[in-house]
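Visitor:
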């Protein structure tokens, strides 16, 4: 079954404590991306990756890092989380070619106290 | 600036009462317009991609249409299971991202 998985699904942490949210896909997609979703603001792109070792900033990259060492994995790293990073995070992958369709993971709800 | 505006913010329908959701967009060259369905606590689920004005796509009770400035998601004879938030997004040409609207929350009552 084609899947995008994220872990953890829920996380409560404290300011300054480094954390990583993992994203994995089994569709062999080259493109992967992270979004955050906030009430009244919609989904906004944080970072994206066109392929292994190729990453670039989206619209709201401040306070986040990513890495793409393998095609299937695209972790999101918060080195020093702050309360304004409390949000719902989604990983997405795209099949490329002519379809352009992005498939989203189930989401990670993060609360930073 | 690329922008997507969805209306209404919320819509309540009786089962069987057809209606339309609107997505207005301004974009510097449209690569594609996307409709997603999102249930509470879940990730967006892909519904349709539209690429050019005049294009239409259908899936069960849903039909999406596209003009040069807006898209409509028509819901025919909705059922309670159609209750969800419907998201519209555009992919600007030359950019590797989707620009999302804030969604329309649809509630269909039996």
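Protein chains in written order, with my numbering: chain A, 1 to 113; chain B, 1001 to 1110.
Note that CB positions come from ideal geometry on N, CA and C, so glycine has one too.
1. Only counting the same chain, and skipping five residues up and downstream in sequence, which positions put a Cβ closer than 6 Å to that of residue 20(A)?
2. Mind pulling the alpha helix (DSSP H) runs of 4 or more residues that sit fully within the segment 1015 to 1040 of chain B?
3. Verify whether the separation of the beta carbon atoms of residue 12(A) and residue 111(A) is less than 9 Å.
4. Measure the alpha-carbon distance for residue 40(A) versus residue 1102(B) and round it to whole angstroms.
5. Does the segment 1074 to 1092 of chain B come close enough to the segment 1013 to 1022 of chain B to have 3 or more Cβ pairs within less than 8 Å?
6. For residue 83(A), does the three-state DSSP call read helix, strand or coil?
7. Determine whether the beta carbon atoms of residue 89(A) and residue 37(A) lie at a separation below 9 Å.
8. Can you list, in chain order, the residues of its chain whose CB lies under 6 Å from that of residue 1049(B), leaving out five sequence neighbours each side?
9. Hey, could you find the ends of the beta strand (DSSP E) residue 1082(B) is sitting in?
10. Ordered along the chain, which non-local residues of its own chain (more than five positions away) have a Cβ less than 7 Å from that of residue 79(A)?
11. What residues from chain B crowd round residue 58(A), counting only those whose CB sits closer than 9 Å?
12. For my contact list, residue 101(A) and residue 1046(B) are in at a C-beta cut-off of 8 Å; report their separation, rounded to the angstrom.
13. Is the CB of residue 1043(B) under 9 Å away from at least one CB in chain A?
14. Using beta carbons (cut-off 9 Å, strictly below), is residue 1089(B) in contact with chain A?
15. Hey, could you find the ends of the beta strand (DSSP E) residue 49(A) is sitting in?
16. Reducing DSSP to helix, strand and coil, say where residue 94(A) ends up.
17. Cβ atoms of residue 81(A) and residue 6(A): under 9 Å apart, would you say?
18. So, is the C-beta of residue 1105(B) closer than 9 Å to a C-beta in chain A?
19. Quick one: what does DSSP say residue 28(A) is sitting in, helix, strand or coil?
20. Could you tell me if residue 1043(B) is buried or exposed, where buried requires 16 or more neighbouring beta carbons within 10 angstroms of its beta carbon?
21. Rank 1022(B), 1108(B), 1041(B) and 1057(B) by C-alpha distance to the C-alpha of residue 9(A) and give the top, closest one.
Guide: With the given structure in hand:
1. Same-chain partners within the cutoff: 75 and 77.
2. The qualifying runs do not exist here; there are none.
3. In this structure, residue 111(A) lies closer than 9 Å to residue 12(A) by Cβ.
4. When rounded, the distance between both Cα atoms is 6 Å.
5. Contact holds between the segment 1074 to 1092 of chain B and the segment 1013 to 1022 of chain B, because three or more Cβ pairs, one in each stretch, are under 8 Å apart.
6. Note: residue 83(A) maps to helix in three-state DSSP.
7. Yes.
8. In the same chain as residue 1049(B), and ignoring 5 residues on each side of it, the C-beta atoms closer than 6 Å to its own belong to 1032 and 1034, in chain order.
9. Counting along the chain, residue 1082(B) falls outside any beta strand (DSSP E), and DSSP gives it neither H nor E.
10. Closer than 7 Å at Cβ, skipping near neighbours: 18 and 65.
11. Within chain B, the residues near residue 58(A) are 1096 and 1097.
12. With 8 Å as the limit, residue 101(A) and residue 1046(B) qualify as a contact, their Cβ atoms being about 5 Å apart.
13. Residue 1043(B) counts as touching chain A.
14. Yes, its Cβ sits closer than 9 Å to a Cβ of chain A.
15. Judged by DSSP secondary structure, residue 49(A) falls within the beta strand (DSSP E) whose first and last residues are 42 to 51.
16. Assigned with DSSP and collapsed to three states, residue 94(A) falls in strand.
17. Going by C-beta atoms, residue 6(A) is not nearer than 9 Å to residue 81(A).
18. The beta carbon of residue 1105(B) does not come within 9 Å of any beta carbon belonging to chain A, so the residue lies off that interface.
19. Correct three-state label for residue 28(A): coil.
20. Buried is the call here.
21. Considering only 1022(B), 1108(B), 1041(B) and 1057(B), the residue with the shortest C-alpha distance to residue 9(A) is 1041(B).
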